[in-house]
């Protein structure tokens with residue numbers, strides 16, 4: 001099974017040096033979704049950052065998937 005490295009960016013860039021072994025790209029897509037959901041929950045309100053990115057790289061360092069999430073609240 002392939003190993004993927006998930007780097008994230010919110011107000012800080014975090015590099016994944018360990019990676020995660022996943023059975024397929026559907027599992028990778030789910031991991032990116034869960035990663036961004038956790039960032040929105042844990043970091044969004046505290047940092048004021050509204051845009052979050054997760055990038056998945058294979059073991060050769062090639063970008064294989066990218067996910068972005070934005071969250072904005074307007075209180076007129």
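Residue numbers (the UniProt record's numbering): 1 to 76.
Glycine is no exception: its CB is placed at the ideal position from the N, C-alpha and C atoms.
As the structure is a prediction and not an experimental result, all values here were calculated from the model.
Beta-bridge pairing of residue i - partner residues as DSSP gives them
| i | result |
| --- | --- |
| residue 14 | 8 |
| residue 35 | DSSP output for residue 35 lists no bridge partner at all. |
Check whether residue i and residue j have beta carbons under 8 Å apart
| i | j | result |
| --- | --- | --- |
| residue 54 | residue 8 | yes |
| residue 65 | residue 32 | yes |
| residue 34 | residue 21 | no |
Same chain only: Cβ atoms within 6 Å of residue i, ignoring 5 sequence neighbours per side
| i | result |
| --- | --- |
| residue 16 | 5, 6, 7 |
Close Cβ partners of residue i (< 7 Å) along its chain, the five nearest in sequence each way excluded
| i | result |
| --- | --- |
| residue 36 | 52, 54, 67, 69 |
Minimum C-alpha distance to residue i - residue among the options
| i | options | result |
| --- | --- | --- |
| residue 18 | 75, 76, 58, 73 | 58 |
| residue 152 | 25, 14, 3 | Because the chain spans 1 through 76 in this model, residue 152 falls outside it and cannot be assessed. |
| residue 11 | 75, 42, 56, 73 | 42 |
| residue 29 | 50, 56, 3 | 56 |
| residue 72 | 62, 63, 50, 60 | 50 |
Own chain partners of residue i with C-beta closer than 8 Å, once the 5 adjacent residues on each side are dropped
| i | result |
| --- | --- |
| residue 23 | 1 |
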